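Take a look at the structure set out below.
There are 2 protein chains.
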Amino acid sequence: MPRARGGIDLGGTKIQAVVVDGDSAVLGQARHPTPTSGGPADVAAAMAAALREAAQAAGVETAALAGVGVGSPGAIDAGAGTVSGAGNLPGWAGSFPLAATLADQLGTPVALGNDVQVATDAEVALGAGRGRRSLLGVFWGTGVGGGIVLDGRPWLGRGAAGEIGHMVVKRDGRRCPCGRRGCLEAYAGRAALEARARELHDEGRETDLFKLAERHGRDRLTSGIWARALEHGDKLATELVDQAVAALGAGIASAVNLLDCEAVVIGGGLGVRFGDPYVERIRAAMLPHLFVDERPPDVRLAALGDLGGAIGAALLAR
Amino acid sequence: MPRARGGIDLGGTKIQAVVVDGDSAVLGQARHPTPTSGGPADVAAAMAAALREAAQAAGVETAALAGVGVGSPGAIDAGAGTVSGAGNLPGWAGSFPLAATLADQLGTPVALGNDVQVATDAEVALGAGRGRRSLLGVFWGTGVGGGIVLDGRPWLGRGAAGEIGHMVVKRDGRRCPCGRRGCLEAYAGRAALEARARELHDEGRETDLFKLAERHGRDRLTSGIWARALEHGDKLATELVDQAVAALGAGIASAVNLLDCEAVVIGGGLGVRFGDPYVERIRAAMLPHLFVDERPPDVRLAALGDLGGAIGAALLAR
């Protein structure tokens, strides 16, 4: 029997760790908040702690794992085992030897990959994209990330492919958190949605979004808060999410017009929380922009949900 | 010495034929107008005539060629040797056995490929993209076509990849000749530019574009007419081409954000006619939208000019 493997999904707000068996079935998992202060060494320590907890839940020592994979934001040098320019993580502008640091603490080899790409690979290997030779993964969360699989293999370009969130859907359009204008993420990313909601609220527009957040003890508009506001028929939330769906439709259709891939899988915090009805809405919003509209790609909800990133990271340790 | 090969670029307005030697050097060429009436058989006859003329100029019999390649619009089935749905060609909605028909008339094997893709392959093999492992070819002409090379090989998707002209650059934007809204081609394609110029002229805007066309005996606004109008400082032409450059910048940057390719090559009727100064302007218009702007792709003018499509088609006959 192949040995168990570990996977860590390093996000801006949470660290999700899993231990899986040879068939990628989850044996144990743990979720920790990502440290908001300190530096890369503190983040690495929190990652090691999360994986140890997942291993404990699985009943194995981390040193007994065949290896651990990490899906990380920032620029990954898989060969060197370093991560640099992870702007959402504390003190992580420069390069940090994450693979060696974690391997030391866990007593097993560590492999690094791009967070969005490993989540995409997981959907192709095990989830909603199983059997697909070409696929676009769209991760609709704080930002809008993309992962590409072509001819059965990840396409990374020069290391930064898949930035679907920064495709332009409206020239001279809304300002994006990245500083540019008219990006898909400026209309669809949760951070941008929150900023826009606050702006409109400050201008006097009615919304329960911020009250809901306060009532649920959140200091930001989480996917759950957005979902609740939509359920309550909050007009501002509905309007902004409608715009997000329209922008996602245009942006994903543009990507499909370029790649002509077989399938699109939609995940991410908002994607998973909103679920199938919104995947259906995005599919409908894509259609008017698809150049070959008589055979649209298959558009599906990510099947691995919140754990996809960590399970995909564990694939790196095979 | 390897035998000479033939290449035919089948366009909506012209048929360009070349005969090349083993190093793809042009030994002879001919250009014929594309028939505007009749059907696929008439187009095939005109193609055969153009290639015979090119072979004659090269001093070889067509039957002595190692083979002939064809770059065609429409949906190509290279295995079956058929072209279907070539809407710009007379009576060519259905499927036509172009390879077998031409092979009969020319006495040599005929291979088919997508027109834009073979032009892109030619730039990678012999032109401005030489040595590039990943590249986007952008053909700025009547429409805006795109060809993709990834990992040194053409990426065709399910047969229709590369439709950069129908990436959305402005949601709810201008109507495109394809019927959709906000496509890059709606702002940059020559057909769309002409339609927009006529619309504004009819609304009373001053422009010399149509007078210039008449004076030069053209029934449409060719690339040369646009170039002349720009040289004369025609305000409307300048404004529309400025918008085209901005749209190309946003659209190409979007494609680069998704693919992270090493290089972009810009060809097509307008691209080749306007030349390096406009390639420079497009590069500048891309920059504000590039997500990884510290290492932009190399952006270059197509080196094979008008003959790129035909020379690329001849590569299919190797």
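In order, the protein sequence lines correspond to chains A and B.
Here this note's numbering is used: the first residue of the first sequence is 10, the next is one more, and so on.
Here this note's numbering is used: the first residue of the second sequence is 10, the next is one more, and so on.
Don't be surprised by glycine CBs; every beta carbon is placed ideally from N, CA and C.
Model, not experiment: these values are computed from the prediction.
Checklist entry - How many Å lie between A:CYS185 and B:GLU303 at the Cα? => result 18 Å
Item to check | Contact set between A:TRP164 and chain B, taken where Cβ atoms lie within less than 7 Å | outcome: LEU159
Checklist entry - Can the beta-carbon of B:ARG290 be found closer than 8 Å to that of B:VAL265? => result no
Item to check | Three-state secondary structure (DSSP) of B:PHE300 | outcome: coil
Checklist entry - If contact means a Cβ-Cβ distance below 7 Å, which residues of the region 127-153 of chain B contact chain A? => result SER143
Item to check | Helix, strand or coil at A:THR91 according to DSSP, with G and I counted as helix | outcome: strand
Next on the checklist: Taking the beta strand (DSSP E) that B:ALA84 belongs to, which residues open and close that run?
Outcome noted: 84-86
Checklist entry - Do the region 160-174 of chain A and the region 268-278 of chain B meet, that is, are 3 or more Cβ pairs less than 8 Å apart? => result yes
Next on the checklist: Does any residue of chain B have a CB that is nearer than 8 Å to the CB of A:PRO396?
Outcome noted: Here chain A has residues from 10 to 327 only, and residue 396 of chain A is not among them.
Checklist entry - When the cut-off is 8 Å and only beta carbons count, does B:GLY171 lie next to chain A? => result yes
Checklist entry - Do we get a CB-CB distance below 8 Å when we pair B:ALA87 with the residues of chain A? => result no
Checklist entry - If you measure from the beta carbon of B:LEU267 to each beta carbon in chain A, is any gap under 8 Å? => result yes
Next on the checklist: Against chain B, does A:PHE105 count as a neighbour if the rule is that its beta carbon must be under 8 Å from one of theirs?
Outcome noted: no
Checklist entry - Given a threshold of 16 other Cβ atoms within 10 Å of its Cβ, counted over all protein chains shown, does A:HIS175 qualify as buried or as exposed? => result buried
Item to check | Supposed close pair B:ARG180, A:VAL178 - CB separation, criterion 8 Å | outcome: 5 Å
Next on the checklist: So, at 7 Å on beta carbons, what are the nonlocal neighbours of B:ARG227 in its own chain, with the 5 sequence-adjacent residues on each side left out?
Outcome noted: ILE234
Checklist entry - Cβ of B:MET330 less than 8 Å from any chain A Cβ? => result Here chain B comprises residues numbered 10 to 327, so residue 330 of chain B is not present and cannot be evaluated.
Checklist entry - Do we get a CB-CB distance below 8 Å when we pair A:LYS179 with the residues of chain B? => result yes
Next on the checklist: With DSSP as the reference, identify every bridge partner of B:ALA170, one or two as the case may be.
Outcome noted: Its beta-bridge partners do not exist; DSSP assigns none.
Checklist entry - For the candidate residues B:LEU257, B:ALA201 and B:LEU107, whose alpha-carbon lies nearest to that of B:GLY88? => result B:LEU107
Checklist entry - What are the boundary residues of the alpha helix (DSSP H) that A:HIS241 is part of? => result No alpha helix (DSSP H) holds A:HIS241; DSSP gives it neither H nor E.
Checklist entry - If you measure from the beta carbon of A:ARG189 to each beta carbon in chain B, is any gap under 8 Å? => result yes
Checklist entry - At a Cβ threshold of 8 Å, is A:ALA256 touching chain B? => result yes
Next on the checklist: Using only the alpha-carbon positions, how far apart do B:GLY31 and B:ASN123 sit?
Outcome noted: 22 Å
Checklist entry - Excluding the five sequence neighbours on either side, which residues of its own chain have a C-beta within less than 7 Å of the C-beta of B:LEU313, listed in chain order? => result ALA131, GLU132, LEU135, GLY136 and ILE320
Item to check | Interface residues of chain B facing A:GLY168 [CB-CB closer than 9 Å] | outcome: ASP269 and VAL301
Item to check | Inside the region 134-192 of chain A only - beta strand (DSSP E) runs reaching at least 3 residues | outcome: 144-149 and 153-159
Next on the checklist: Taking only three categories from DSSP, how would you classify A:PRO305?
Outcome noted: coil
Item to check | Where the alpha helix (DSSP H) containing A:PRO332 begins and where it ends | outcome: One cannot answer for residue 332 of chain A here, as it falls past the ends of chain A, which runs 10 to 327.
Item to check | CB contact check: A:GLY94 to chain B, cutoff 8 Å | outcome: no
Next on the checklist: Helix, strand or coil, according to DSSP, for A:ARG230 in the structure here?
Outcome noted: Residue 230 of chain A is actually Leu in this sequence, not Arg. Coil at A:LEU230, not helix or strand.
Checklist entry - Can you tell which of A:LEU60, A:GLY150, A:ALA204 and A:PRO11 has its C-alpha closest to the C-alpha of A:GLY280? => result A:GLY150
Checklist entry - Quick one: what does DSSP say B:GLY280 is sitting in, helix, strand or coil? => result helix
Next on the checklist: Give me the residue from A:SER93, A:VAL52 and A:LEU159 with the minimum Cα distance to A:GLN114.
Outcome noted: A:VAL52
Next on the checklist: Residues in the same chain with beta-carbon distance under 7 Å from B:GLY260, minus the five sequence neighbours each way, listed in chain order, please.
Outcome noted: ILE173, MET176, VAL178 and LEU193
Item to check | Short CB-CB distance (under 8 Å) between A:GLY155 and chain B | outcome: yes
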